[in-house]
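Q: Pasting a structure here, questions to come.
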Amino acid sequence: MILYSAIGRGGKIIAESGDAQFKNVILVLLERIKQDERKSYVHEGHSFNYVCTGGYIYICVTPKDYPTRISFAFLQVIEDSFQPSVSGSEFSSTLSREMTKYSNKSEVDRLARVQKQVDEVKEVMMENIDKVLKRGERLEDVMAQTDAMRLQSDTFKKNATKLKTTMWWKNVKLMIAIVVVILFIIFAIIWGVCGLTFSKCRSDSGPPPPTFGPSPTGSPI
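Residue numbers for the sequence shown follow my numbering, so the first one is 19 and each next one is one higher.
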């Protein structure tokens, strides 16, 4: 069962629940615990388990034979539940409730079974990895193959983009060539009809002006 639990910060206890006889030992520990630390100590037949993260220390005291994994599962629940905005006295009730839950033998047995199932899954995963290794396929080779496929994909995309640009320029050049040929044909037809100087298409003099002089018979017109 969990005999005592507390949350500390700056060498002080801000929330606690359980047997107060452990408080003095906890205060000594709070002065020695380092940031981002996770450990267990045994003292006079009791196990002192703690997790320090984010400037807060989550700690619990159990009998020496209490499962250590269950102790840290309890501390994880406390860490996830704790809100700095909640006062210590208010959160002490949460500590008390979770202590009761994790001190229940049936609940502890259930958590132990869950942990065992997790361990079995890990063993299966390791077994699957071992099977891959036994087939002669190293994980490094699998990763190398994956990197090679990704590199080939990138190269294909670059080549496709380059080919697309090349084809676009070919189409532009073809259109320009067609326009030039059409213009050349038009000018060739004009030159053939009018000559190189367009003299055949121009008139040098207009029609003769009308004559109002006397007619050959001597009578006016």
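Glycine included, each C-beta is placed from N, C-alpha and C at the ideal position.
Go to Thr215, then tell me how far its beta strand (DSSP E) extends in each direction, as first and last residue.
A: Position 197 of the sequence shown, counted from the start, is the residue given in the question as residue 215. Element bounds for Thr215: n/a, residue is neither H nor E.
Q: Less than 8 Å between the CB atoms is what I'm expecting for Ile77 and Ser23, so what's the real figure, rounded?
A: As a first step, residue 77 must be located in the sequence shown, where it is residue number 59. As a first step, residue 23 must be located in the sequence shown, where it is residue number 5. The Cβ separation is near 7 Å, so the contact holds.
Q: Counting only the same chain and skipping the five closest in sequence on each side, list residues whose C-beta sits under 6 Å from that of Val69.
A: Within the sequence shown, the letter at position 51 stands for residue 69. The residues are Arg56, Tyr76, Leu93.
Q: In whole angstroms, give me the CA-to-CA distance for Ile208 and Ile194.
A: In the sequence shown, residue 208 corresponds to position 190, counting from 1. In the sequence shown, residue 194 corresponds to position 176, counting from 1. The straight-line gap from Cα to Cα measures roughly 21 Å.
Q: When the Cα atoms are used, what is the spatial distance from Thr184 to Asn177?
A: For the purposes of this step, residue 184 is identified with residue 166 of the sequence shown, where counting begins at 1. For the purposes of this step, residue 177 is identified with residue 159 of the sequence shown, where counting begins at 1. Distance between the alpha carbons of Thr184 and Asn177 is about 10 Å.
Q: Looking at the unbroken alpha helix (DSSP H) that takes in Tyr120, where does it start and where does it end?
A: Translated into positions along the sequence shown, residue 120 becomes position 102. Its alpha helix (DSSP H) spans residues 106-121.
Q: Buried or exposed for Met19, going by 16 or more other Cβ atoms inside 10 Å?
A: Here residue 19 corresponds to residue number 1 of the sequence shown, with the count starting at 1. Classification of Met19: exposed, given that the 10 Å Cβ count is below 16.
Q: Within the same chain, show all residues whose beta-carbon is closer than 7 Å to that of Gly106, passing over the 5 residues directly before and after it, in chain order.
A: By one-based count along the sequence shown, residue 106 stands at place 88. Only Ile32, Ala33 meet the Cβ criterion.
Q: For a test of the three-state rule: what should DSSP assign to Glu97, helix, strand or coil?
A: Within the sequence shown, residue 97 is the residue found at index 79, counting from 1. Here Glu97 sits in helix by DSSP.
Q: Do Phe66 and Leu47 have their C-beta atoms closer together than 9 Å?
A: Indexing the sequence shown from 1 puts residue 66 at position 48. Indexing the sequence shown from 1 puts residue 47 at position 29. It is a contact, given that the beta carbons lie within the stated cut-off.
Q: Just to confirm, are His64 and Leu21 a CB contact at a threshold of 9 Å?
A: Numbered from its first residue, the sequence shown carries residue 64 at position 46. Numbered from its first residue, the sequence shown carries residue 21 at position 3. Yes.
Q: Round the Cβ separation of Gly73 and Arg27 to the nearest angstrom and send it over; I've been treating them as touching at under 8 Å.
A: On the sequence shown, position 55 is the one that residue 73 refers to. On the sequence shown, position 9 is the one that residue 27 refers to. Correct: roughly 6 Å between the Cβ atoms.
Q: Going by the beta-carbon positions, is the gap between Ile44 and Val95 smaller than 9 Å?
A: Numbered from its first residue, the sequence shown carries residue 44 at position 26. Numbered from its first residue, the sequence shown carries residue 95 at position 77. No, Cβ-Cβ distance for Ile44 and Val95 is not below 9 Å.
Q: Beta-carbon separation of Phe109 and Gln101 under 9 Å?
A: Along the sequence shown, read from residue 1 onward, the residue named residue 109 stands at position 91. Along the sequence shown, read from residue 1 onward, the residue named residue 101 stands at position 83. Yes, these two residues count as a Cβ contact at 9 Å.
Q: What are the residues that DSSP puts in a beta bridge with Glu34?
A: Taking the sequence shown and counting its residues from 1, one reaches residue 34 at position 16. Paired residues: Ala24.
Q: Can you pull the DSSP bridge partners for Phe66?
A: By 1-based counting over the sequence shown, the position of residue 66 is 48. DSSP output for Phe66 lists Tyr59, Val79 as bridge partner(s).
Q: Among all the DSSP beta bridges, which residues are the ones paired with Tyr74?
A: Residue mapping note: residue 74 aligns to position 56 of the sequence shown, counting from 1. Its beta-bridge partners are Thr71.
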